[in-house]
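J.: Submitted below is the structure of interest, expressed as structure tokens.
2 protein chains.
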Amino acid sequence: MTDQIVTPFRSESHNHKRCVTDAMALAEERCARRGARLTRIRRRVLELIWSRHEPVKAYDLLDQLREEHRGAAPPTIYRALDFLLAEGLIHRIESLNAYIGCGDPSHPHLGQFLICERCNAVAEMDDDDIRDLLAHKAALQGFHVNWQTIEINGVCPSCRAIPNGTVSGNETDTPADRCR
Amino acid sequence: MTDQIVTPFRSESHNHKRCVTDAMALAEERCARRGARLTRIRRRVLELIWSRHEPVKAYDLLDQLREEHRGAAPPTIYRALDFLLAEGLIHRIESLNAYIGCGDPSHPHLGQFLICERCNAVAEMDDDDIRDLLAHKAALQGFHVNWQTIEINGVCPSCRAIPNGTVSGNETDTPADRCR
DNA sequence: TTGTCACATGTTATTCTATTGCAAACAATG
DNA sequence: CATTGTTTGCAATAGAATAACATGTGACAA
Chain G
154 MTDQIVTPFR
164 SESHNHKRCV
174 TDAMALAEER
184 CARRGARLTR
194 IRRRVLELIW
204 SRHEPVKAYD
214 LLDQLREEHR
224 GAAPPTIYRA
234 LDFLLAEGLI
244 HRIESLNAYI
254 GCGDPSHPHL
264 GQFLICERCN
274 AVAEMDDDDI
284 RDLLAHKAAL
294 QGFHVNWQTI
304 EINGVCPSCR
314 AIPNGTVSGN
324 ETDTPADRCR
Chain H
154 MTDQIVTPFR
164 SESHNHKRCV
174 TDAMALAEER
184 CARRGARLTR
194 IRRRVLELIW
204 SRHEPVKAYD
214 LLDQLREEHR
224 GAAPPTIYRA
234 LDFLLAEGLI
244 HRIESLNAYI
254 GCGDPSHPHL
264 GQFLICERCN
274 AVAEMDDDDI
284 RDLLAHKAAL
294 QGFHVNWQTI
304 EINGVCPSCR
314 AIPNGTVSGN
324 ETDTPADRCR
């Protein structure tokens, strides 16, 4: 059985700099192989998304991009996001209107997401059992499945270890800063 | 085993007038029992949603409400929707930014939605197998589930029966008008 | 080298979705 | 009647995404 966890929750040992460069390398490689043009803007947007390692809003990306790229406007971001989605390099989280890096761009997949409502961390699964059960249940209704949106909200293991009322103080930290 | 289909796809025999009045009666009853105030606006919004019997956008509802209620503004609609969501009388479809009547408001539930991308018809399931499998898979990651968003896009049985390129002519009809 | 074509980006405006904040109206209760 | 909590009215604004058209750029062939 293959590993059905594409992006696990980050552990204490997570080397984030390495994580970003690895993801970028995979992206470069995949685009090269497919003849897709990972331009400067597109590359930079992907890098900004991976740097955060949590769901990022389009206008947050726009603000960041503007700091280094005067003239960036909403279409700049949305075009880059569309490209990255089409290439399977990121996923869109519907319930958050946000985008997150895909941990396994090697093959197109739907993904199922575990979203921590305390720290915003997201783990990505690509679980055949889930996909197949949904397809099966749909088929019982005579329904043909093209796409599945599966987003599970709750509390990640790290946050469960923290007493409920506890507040970490800085609510703008990234997941790794708050969740251990 | 209980019936896990809350709102099936509409059949030819669907009596839509009856369907709406039934849904309204259930809503009245549930609100009365819970001491929730189903005011004129809230009742009317619910009725508008059920009348369409497919996912409806907030601003569509606003337009309709304005025709009979001058002074209706975005907050008017969103407050009504918030109330109806809180009472479990409607569901929100995240992937469409739209709202749909709940076929079984008797108990709170998550719901899994089959969304036809041809005719917009939606069937609602409340399937324990799906819910439990997702909870199980999440638990394997140490994740505690509070909420599940499950939206399945594809082609409903009625539309599958229609040759692919066929267009029914009037794309603004309701699902029942087009899907048989 | 130049022309051409496809693709990518710049630019401005607009549409769609949703919330905030405060005032006025209303309904239930003592 | 007075009080209290809830609901609605109203104006403004925030947030998410797209449309339409102009301009730039890179690869390839003539």
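Protein sequence lines correspond, in order, to chains G and H.
All residue numbers in the first sequence are consecutive under our numbering, ending with 333.
All residue numbers in the second sequence are consecutive under our numbering, ending with 333.
We put the beta carbon where it would ideally sit given N, CA and C, even for glycine.
From the DSSP output, in three-state form, read off LYS210 of chain G for me.
T.: Here residue 210 of chain G refers to the residue found at position 57 when the first sequence is read from its first residue. The answer is strand: DSSP assigns LYS210 of chain G an E or B state.
J.: Taking the beta carbon of ASP175 of chain G as the centre, do at least 16 other beta carbons fall within 10 Å, making it buried, or is it exposed?
T.: For this step, residue 175 of chain G is matched to residue 22 along the first sequence. Exposed is the call here.
J.: What residues from chain H crowd round ARG313 of chain G, counting only those whose CB sits closer than 9 Å?
T.: Along the first sequence, read from residue 1 onward, the residue named residue 313 of chain G stands at position 160. Simply GLY295, PHE296, HIS297.
J.: For LEU199 of chain H versus ALA226 of chain H, is the C-beta spacing smaller than 7 Å?
T.: On the second sequence, residue 199 of chain H is found 46 positions in, with the first residue counted as 1. On the second sequence, residue 226 of chain H is found 73 positions in, with the first residue counted as 1. Result no, Cβ atoms of LEU199 of chain H and ALA226 of chain H do not sit closer than 7 Å.
J.: DSSP on LEU314 of chain G, reduced to helix/strand/coil?
T.: Along the first sequence, one-based indexing puts residue 314 of chain G at 161. Here residue 314 of chain G turns out to be Ala, not Leu, going by the sequence shown. ALA314 of chain G falls in the coil class under three-state DSSP.
J.: Is it buried or exposed for PHE162 of chain G, if we count other Cβ within 10 angstroms and need 16 for buried?
T.: On the first sequence, position 9 is the one that residue 162 of chain G refers to. Result: buried.
J.: How far does the beta strand (DSSP E) with ALA276 of chain G in it extend, from its first residue to its last?
T.: Here residue 276 of chain G corresponds to residue number 123 of the first sequence, with the count starting at 1. It spans 275 to 278 - the beta strand (DSSP E) in which ALA276 of chain G sits, taken as one unbroken run.
J.: State yes or no: is the C-beta of PRO208 of chain G within less than 7 Å of the C-beta of ALA274 of chain G?
T.: Here residue 208 of chain G is taken as the residue at index 55 of the first sequence, counted from 1. Here residue 274 of chain G is taken as the residue at index 121 of the first sequence, counted from 1. No, the Cβ-Cβ distance between PRO208 of chain G and ALA274 of chain G is not below 7 Å.
J.: Do the CB positions of ILE305 of chain H and LEU287 of chain G come within less than 7 Å of each other?
T.: Here the question's residue 305 of chain H lines up with position 152 in the second sequence. Here the question's residue 287 of chain G lines up with position 134 in the first sequence. Against a cut-off of 7 Å, the Cβ pair of LEU287 of chain G and ILE305 of chain H comes out as a contact.
J.: Does the beta carbon of TRP300 of chain G come closer than 7 Å to any beta carbon on chain H?
T.: What you label residue 300 of chain G is simply residue 147 of the first sequence in a count that begins at 1. Yes - at least one Cβ of chain H is within 7 Å of the one on TRP300 of chain G.
J.: Count the C-beta pairs between the segment 256 to 271 of chain H and the segment 213 to 228 of chain H that are closer than 8 Å, then say yes if the count reaches three, no if not.
T.: Not touching, per the Cβ criterion.
J.: When you compare only the Cα positions, how much space is there between SER311 of chain G and HIS167 of chain G?
T.: Taking the first residue of the first sequence as position 1, residue 311 of chain G is located at position 158. Taking the first residue of the first sequence as position 1, residue 167 of chain G is located at position 14. So the two alpha carbons sit approximately 13 Å from each other.
J.: On the three-state DSSP scale, how would you describe ARG195 of chain H?
T.: Position 42 of the second sequence holds residue 195 of chain H. Residue state, collapsed to three classes: helix.
J.: For chain G, check one thing: does any of its Cβ atoms lie closer than 7 Å to the Cβ of GLY254 of chain H?
T.: Taking the second sequence and counting its residues from 1, the one referred to as residue 254 of chain H is at position 101. Cβ-Cβ to chain G under 7 Å: no for GLY254 of chain H.
J.: For ALA292 of chain H, count neighbouring Cβ atoms within 10 angstroms of its own Cβ and tell me buried if that reaches 16, exposed if not.
T.: Taking the second sequence and counting its residues from 1, one reaches residue 292 of chain H at position 139. Classification for ALA292 of chain H: exposed.
J.: I'd like to check one pair, GLY264 of chain H with ASN299 of chain G: are the Cβ atoms closer than 7 Å?
T.: Counted from its first residue, the first sequence places residue 299 of chain G at position 146. Counted from its first residue, the second sequence places residue 264 of chain H at position 111. Cβ distance not < 7 Å, so ASN299 of chain G and GLY264 of chain H don't count as in contact.
J.: Is there a Cβ of chain G sitting closer than 7 Å to that of GLU165 of chain H, yes or no?
T.: Indexing the second sequence from 1 puts residue 165 of chain H at position 12. Answer no: the Cβ-Cβ gap between GLU165 of chain H and chain G never drops below 7 Å.
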